[in-house]
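Number of protein chains: 2
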Amino acid sequence: MSKDGADERDLAAYCEEVARRAKRASAQLGTLLGQVKNDWLKRSAAALREGTATILQANARDLAAAPGFGLTDAETDRLRLTPARIEAIASALSEIAGLPDPVGEVIESAVRPNGLEVSRVRVPLGVVFFIYESRPNVTADAAAICVKSGNAVILRGGKEAAHSSAAIVAILRETAAAAGVPTDAIQLVDTPDRAAVGHFLKLHRWIDVAIPRGGESLIRRVAAEATMPVIKHFDGNCHVYVDQSADLESALRITINAKCQRFGVCNAAESLLVHQAIAAEFLPGVAAALAANQPPVELRGDEATRGILPTARIATEDDYFKEYLGPVIAVKVVAGLDEAIDHINHYGSHHTDAIVTRCLLAARQFTARVDSAAVMVNASTRFNDGGELGLGAEIGISTDKFHARGPCGLRELTSYKFIVIGDGHVRS
Amino acid sequence: MSKDGADERDLAAYCEEVARRAKRASAQLGTLLGQVKNDWLKRSAAALREGTATILQANARDLAAAPGFGLTDAETDRLRLTPARIEAIASALSEIAGLPDPVGEVIESAVRPNGLEVSRVRVPLGVVFFIYESRPNVTADAAAICVKSGNAVILRGGKEAAHSSAAIVAILRETAAAAGVPTDAIQLVDTPDRAAVGHFLKLHRWIDVAIPRGGESLIRRVAAEATMPVIKHFDGNCHVYVDQSADLESALRITINAKCQRFGVCNAAESLLVHQAIAAEFLPGVAAALAANQPPVELRGDEATRGILPTARIATEDDYFKEYLGPVIAVKVVAGLDEAIDHINHYGSHHTDAIVTRCLLAARQFTARVDSAAVMVNASTRFNDGGELGLGAEIGISTDKFHARGPCGLRELTSYKFIVIGDGHVRS
Numbered sequence: 090m091s092k093d094g095a096d097e098r099d100l101a102a103y104c105e106e107v108a109r110r111a112k113r114a115s116a117q118l119g120t121l122l123g124q125v126k127n128d129w130l131k132r133s134a135a136a137l138r139e140g141t142a143t144i145l146q147a148n149a150r151d152l153a154a155a156p157g158f159g160l161t162d163a164e165t166d167r168l169r170l171t172p173a174r175i176e177a178i179a180s181a182l183s184e185i186a187g188l189p190d191p192v193g194e195v196i197e198s199a200v201r202p203n204g205l206e207v208s209r210v211r212v213p214l215g216v217v218f219f220i221y222e223s224r225p226n227v228t229a230d231a232a233a234i235c236v237k238s239g240n241a242v243i244l245r246g247g248k249e250a251a252h253s254s255a256a257i258v259a260i261l262r263e264t265a266a267a268a269g270v271p272t273d274a275i276q277l278v279d280t281p282d283r284a285a286v287g288h289f290l291k292l293h294r295w296i297d298v299a300i301p302r303g304g305e306s307l308i309r310r311v312a313a314e315a316t317m318p319v320i321k322h323f324d325g326n327c328h329v330y331v332d333q334s335a336d337l338e339s340a341l342r343i344t345i346n347a348k349c350q351r352f353g354v355c356n357a358a359e360s361l362l363v364h365q366a367i368a369a370e371f372l373p374g375v376a377a378a379l380a381a382n383q384p385p386v387e388l389r390g391d392e393a394t395r396g397i398l399p400t401a402r403i404a405t406e407d408d409y410f411k412e413y414l415g416p417v418i419a420v421k422v423v424a425g426l427d428e429a430i431d432h433i434n435h436y437g438s439h440h441t442d443a444i445v446t447r448c449l450l451a452a453r454q455f456t457a458r459v460d461s462a463a464v465m466v467n468a469s470t471r472f473n474d475g476g477e478l479g480l481g482a483e484i485g486i487s488t489d490k491f492h493a494r495g496p497c498g499l500r501e502l503t504s505y506k507f508i509v510i511g512d513g514h515v516r517s
Numbered sequence: 090m091s092k093d094g095a096d097e098r099d100l101a102a103y104c105e106e107v108a109r110r111a112k113r114a115s116a117q118l119g120t121l122l123g124q125v126k127n128d129w130l131k132r133s134a135a136a137l138r139e140g141t142a143t144i145l146q147a148n149a150r151d152l153a154a155a156p157g158f159g160l161t162d163a164e165t166d167r168l169r170l171t172p173a174r175i176e177a178i179a180s181a182l183s184e185i186a187g188l189p190d191p192v193g194e195v196i197e198s199a200v201r202p203n204g205l206e207v208s209r210v211r212v213p214l215g216v217v218f219f220i221y222e223s224r225p226n227v228t229a230d231a232a233a234i235c236v237k238s239g240n241a242v243i244l245r246g247g248k249e250a251a252h253s254s255a256a257i258v259a260i261l262r263e264t265a266a267a268a269g270v271p272t273d274a275i276q277l278v279d280t281p282d283r284a285a286v287g288h289f290l291k292l293h294r295w296i297d298v299a300i301p302r303g304g305e306s307l308i309r310r311v312a313a314e315a316t317m318p319v320i321k322h323f324d325g326n327c328h329v330y331v332d333q334s335a336d337l338e339s340a341l342r343i344t345i346n347a348k349c350q351r352f353g354v355c356n357a358a359e360s361l362l363v364h365q366a367i368a369a370e371f372l373p374g375v376a377a378a379l380a381a382n383q384p385p386v387e388l389r390g391d392e393a394t395r396g397i398l399p400t401a402r403i404a405t406e407d408d409y410f411k412e413y414l415g416p417v418i419a420v421k422v423v424a425g426l427d428e429a430i431d432h433i434n435h436y437g438s439h440h441t442d443a444i445v446t447r448c449l450l451a452a453r454q455f456t457a458r459v460d461s462a463a464v465m466v467n468a469s470t471r472f473n474d475g476g477e478l479g480l481g482a483e484i485g486i487s488t489d490k491f492h493a494r495g496p497c498g499l500r501e502l503t504s505y506k507f508i509v510i511g512d513g514h515v516r517s
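As you go down the protein sequences, you meet chains A and B in turn.
Heads up: the first sequence begins at 90 in this note's numbering, then just goes up one per residue.
Heads up: the second sequence begins at 90 in this note's numbering, then just goes up one per residue.
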């Protein structure tokens, strides 16, 4: 037997063992008292603060290795931990401790005409396989959200953050043991071998859901290989549509916020649609504000836009499909609401789209007909976020329609069971 | 180019055209008024009644062809339509018309501290690809449930029922046109080519969910090939556990109902677990009732059971994993509640399991720790059914934990969107 064959078998056995342990832990987690989980979260917050020096040492090793992985400056910055960032991680855990426990929630309950009491009660999904890239803060966040919702988690972080993540997980497992949470509820995959992901994706017997968080190619790979459900988290091609009746000052503020507040996020606007009746009045101000932004944002427009802004570069059809995740915006002048809605449903990615309007009819049409996870009226697309929408914490923003859509918080990591209580009922 | 290659391309093009039409129809369906959908359902019920003679003629052609397909008598009987069965199909549609419309339901709504109004509103999934076997009544039922929940449906019925299903779908499309429902909301795949299913399962761009309903091999094939989410509907290895404190009369009634009321259904009991303290008192009555049933039910037991019922055949480990779907039951005497729960979670299929008990603690432990879609207390497993649990109608019983678990009614065929209303809100 070749060494590679033996290694491959070892890796498969390792992955299966991790998954089995996770499943065993999840059976205990499902009925763990909420106060035990919260105690673990609070102990973990304290232990992360106390462990700052250790975590920073581990992080220094990752930072030293970063050039070897070819990380850009921005990527290296995302990898970097500081006392303030560790404090933020700890605070996030305390906040999750304060959120309501989703497990055991009675979603609905009724007494049937024959006296049977039927309840639909929230239960954990089971085991989450979470695959993410190099930001070490995500390690603690994901573990906290999974365990609070009663799920065991298998964490597969980026190799660039391996030491930082290992230091954080060591602390989380130590506090788990102290608090009475099964330590195997939080496991970090400790091999950099890329083949491990493929092995885990076959283990639907023990893993209930896979959540990839990262670039499009990672998500496509996981979706293609997974034998269990996947919560997908693609980027967003988000739109702002400024209606004829919009308050133009508000429309400008929302457009600039949606495009410029952060470029590299999935809920940033990539396209601006403007009603023809107000385009000539509205667009020059937009162009000026985009040009004045730091960094300046390039505006690409259709012919009608260039009639108003002659120096704008032409927007190709490709531009309307594009998620720039950077300082560019595509602009189109539309005949009205119908064209705006059709454009968004055709070119958009069904993520987050906003209308600015004072017209109730337009707002109702837009929210009913735009087929997106979040539809905003007179608000920036940037609000599509678990914290902003009131979910408390999120493990990602789903671009699926199945199971969970939009921000995935604690509830979105649960299933339910029917509990049916009778007095000797039989079916006739 | 070989003829086969050309046929294959034609088939692929046909499937894509069907899927595109369905997607177009679904965009209209999503905002169709509830009264239009209900009007379609009522017109359809009337038209099916009026069309009885036509449907029976089509059904006669299927029945004549049945021996050629090698159908058993039971299968032929399921295929057979009668005026009474057509009346039952029509009544089911009228009942679905009377159910609340799930689309537009506000699942939750809150005002955030910054004044943003955030609502989670129910929307259709989009396009359902429904693959089922030979019962023609399922054709009308599935179409009704899908359209009422705002989804377009692509129906792929068994070839054995092709004429019956075509006659029913022709009526449903005619009434759709009359009622203002897009006719492409209801499409029947009109080729018997098995390869069509494979083509549809690749079309995740237009199809949002695949629902196979039939034997295990069909479901496994669909789950393996599908590029879109699948609601799986495996059989159930369901248990009745009779606790030490059970009312034994009630326990006997529930056991016999769960096992004998219908053998071939997923919520029939396949195993009986009996607390050792009451086994000697309880089991002889069970054996007698099973023997007296028409047809008699064979009892297979472990050594402890055979100590009480010496003529019982031994139950192997395999028996405890088995879904007989027939007149056999596996019996095991257990030391207590913990062993019962562990047995069910290990050998069962997480479908439906019941406890008979008078002890509140036992009931609470059982419902919390048994990891099944439906957990019954003092009620027959046969109640795990959309109608019985109050969902009104069902397209199947999901054995998944993701998205929908247990009976899938109208709501289970929906997703949601976030609707967020502000007054010029931007994120800081």
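Even for Gly, the Cβ is constructed at its ideal location relative to N, Cα and C.
Helix, strand or coil at residue i [DSSP, three-state]
i	result
Phe158 of chain A	helix
Phe410 of chain A	helix
Ala177 of chain B	helix
His435 of chain B	helix
Glu197 of chain A	strand
Cys104 of chain A	helix
Arg500 of chain A	helix
Asp190 of chain B	coil
Phe472 of chain A	helix
Ala153 of chain A	helix
Pro172 of chain A	helix
Val125 of chain B	helix
Thr441 of chain A	strand
Ile185 of chain B	helix
Asn356 of chain A	coil
Phe555 of chain A	Only positions 90 to 517 of chain A appear in this structure, which leaves residue 555 of chain A out of reach.
Glu97 of chain B	helix
Sub-8 Å separation of residue i and residue j beta-carbons
i	j	result
Pro318 of chain B	Pro496 of chain A	no
Val270 of chain A	Thr228 of chain A	no
Asp151 of chain B	Ser253 of chain B	yes
Gly119 of chain B	Ile300 of chain B	no
Ala114 of chain A	Ala241 of chain A	yes
Ser183 of chain A	Lys131 of chain A	yes
Leu388 of chain B	Val354 of chain B	no
Thr488 of chain A	Phe323 of chain A	yes
Residue closest to residue i, alpha-carbon to alpha-carbon, out of the options
i	options	result
Gly475 of chain B	B:Ala451, B:Gly498, B:Leu277	B:Gly498
Arg294 of chain A	A:Leu137, A:Leu502, A:Arg109	A:Arg109
Tyr409 of chain A	A:Gly325, A:Thr456, A:Leu182, A:Ser180	A:Gly325
Phe472 of chain B	B:Leu341, B:Ala347, B:Glu314, B:Asp407	B:Ala347
Val423 of chain B	B:Arg98, B:Asp332, B:Asp336	B:Asp332
Val217 of chain A	B:Glu338, B:Leu290, B:Asp460, B:Phe491	B:Phe491
Arg262 of chain B	B:Leu244, B:Asp442, B:Arg500	B:Leu244
Gly425 of chain A	A:Gly304, A:His364, A:Tyr505, A:Phe289	A:His364
Test: residue i CB closer than 8 Å to a CB of chain B
i	result
Thr446 of chain A	no
Thr342 of chain A	The residue asked about is misnamed: residue 342 of chain A is Arg in this sequence, not Thr. It does; some Cβ of chain B falls within 8 Å.
Leu205 of chain A	yes
Thr488 of chain A	no
Pro276 of chain A	In the sequence under discussion, the amino acid at residue 276 of chain A is Gln, which differs from the Pro named in the question. Not an interface residue.
Ala369 of chain A	no
Beta carbon proximity, residue i to chain A, threshold 8 Å
i	result
His492 of chain B	yes
Asn46 of chain B	Because chain B here runs from 90 to 517, residue 46 of chain B falls outside it and cannot be looked at.
Asn382 of chain B	no
Quick one: complete beta strand (DSSP E) runs, 3+ long, within the segment 215-298 of chain B? 216-221, 241-245, 275-277
Could you tell me which uninterrupted beta strand (DSSP E) segments, each at least 3 residues in length, are contained entirely in the segment 298-349 of chain A, listed from first to last along the chain? 298-302, 327-331
Considering only residues of the segment 363-419 of chain A, which uninterrupted alpha helix (DSSP H) runs meet the minimum length of 4 residues and lie entirely inside it, listed in chain order? 365-381, 392-397, 406-410
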